[in-house]
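> The structure under discussion is supplied below as structure tokens; questions concerning it will follow.
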Amino acid sequence: MKKFFISLREQIVKRLQSFSFRTGVIVLSLCIPFYILSFAQMALPISAEAKGILWVVLFGLAKTFQYGGLSIIGVEGVKRLKSFFKKA
10 MKKFFISLRE
20 QIVKRLQSFS
30 FRTGVIVLSL
40 CIPFYILSFA
50 QMALPISAEA
60 KGILWVVLFG
70 LAKTFQYGGL
80 SIIGVEGVKR
90 LKSFFKKA
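Under the working numbering, the first residue of the sequence shown carries the number 10, and numbering increases by one thereafter.
Spelled out as structure tokens, the structure:
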């Protein structure tokens, strides 16, 4: 069973890495609105249970986009982004 999940993880990472750098940056930037929404929804006048469910869903989406984007751009992409922000 453990081998199955390791193989599945490797297949997912390989598939994500086949996307372009630009796609990775777009996916990575999508985590920002979901982080904002996950905390901004606390100001809504709804029940605590609904707030908890919304937080889990929105925060989970933010983390999914974050790790998905990082998997797409990879180590070299992270270096490119760091050098871009150092110049700016």
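For glycine and all other residues, C-beta sits at the position ideal for the given N, C-alpha and C.
Nothing here was measured: the structure is a model prediction, and the numbers come from that model.
Please list the terminal residues of the continuous alpha helix (DSSP H) segment that includes Leu37.
Run containing Leu37: 30-38, per the alpha helix (DSSP H) assignment.
> Along the chain, where does the alpha helix (DSSP H) containing Leu25 start, and where does it finish?
That run of the alpha helix (DSSP H) goes 11-26.
> As a quick exercise: from Tyr44, Lys60, Phe43, pick the residue whose alpha carbon is nearest that of Met51.
Cα-wise, what sits closest to Met51 is Lys60.
> Whole-angstrom Cβ separation of Ile82 and Phe30, contact assumed at under 8 Å?
At roughly 6 Å, the Cβ-Cβ gap stays under 8 Å, so Ile82 and Phe30 are in contact.
> So, is Ala71 buried or exposed, given that buried needs 16 or more other C-beta atoms within 10 angstroms?
Flag for Ala71 reads buried.
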